[in-house]
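In what follows, a structure is listed as structure tokens, so that the remarks can point back to it.
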Amino acid sequence: MLEFSNVGSVITLICVLFLSSIIMGNLAFRAGLGVKRWILLGFLIGPVAYPLFNTHKHYAWRRSVGKASGSLRL
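FYI, in UniProt numbering the residues of the sequence shown are 1 to 74.
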């Protein structure tokens with residue numbers, strides 16, 4: 001069982017969550033997605049939000065491009 005008995009581990013956890021929210025906000029801004037939403041999600045669930053962000057970014061891109069269009073990635 002995970003116990004946060006010392007202050008150092010709690011501070012580390014808060015720092016990781018805060019850093020994750022900043023990074024998610026920056027990625028959302030660069031991708032043109034809702035920044036506040038991804039900052040909050042990054043602070044609540046931390047680095048676990050990154051795969052969710054990638055999936056959401058891909059769906060938003062497919063929605064804007066359309067289903068019938070092809071793409072060439074280099």
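Here a beta-carbon is modelled for each residue, glycine too, at the ideal position from N, C-alpha and C.
Being a predicted model, the structure only gives us computed values, none of them experimental.
Would you please verify whether the beta carbon of F18 is less than 8 Å from any beta carbon of chain B?
Annotation note: the requested chain B is absent from the structure, which comprises a single protein chain.
Please report the distance separating the alpha-carbon of T55 from that of L13.
Here residue 55 refers to the residue found at position 55 when the sequence shown is read from its first residue. Here residue 13 refers to the residue found at position 13 when the sequence shown is read from its first residue. If you take the alpha carbons of T55 and L13, they lie about 25 Å apart.
For L44, count the other beta carbons within 10 Å of its own beta carbon; 16 or more makes it buried, fewer makes it exposed. Which is it?
One-based indexing of the sequence shown puts residue 44 at position 44. Classification for L44: exposed.
What are the boundary residues of the alpha helix (DSSP H) that P51 is part of?
Residue 51 sits at position 51 when you count from the first residue of the sequence shown. It spans 49-65 - the alpha helix (DSSP H) in which P51 sits, taken as one unbroken run.
How many Å lie between W61 and L52 at the Cα?
Locating residue 61 in the sequence shown gives position 61, counting from the first residue. Locating residue 52 in the sequence shown gives position 52, counting from the first residue. Spanning the two alpha carbons is a distance of roughly 14 Å.
Taking only three categories from DSSP, how would you classify N6?
What you label residue 6 is simply residue 6 of the sequence shown in a count that begins at 1. If DSSP states are grouped into helix, strand and coil, N6 belongs with coil.
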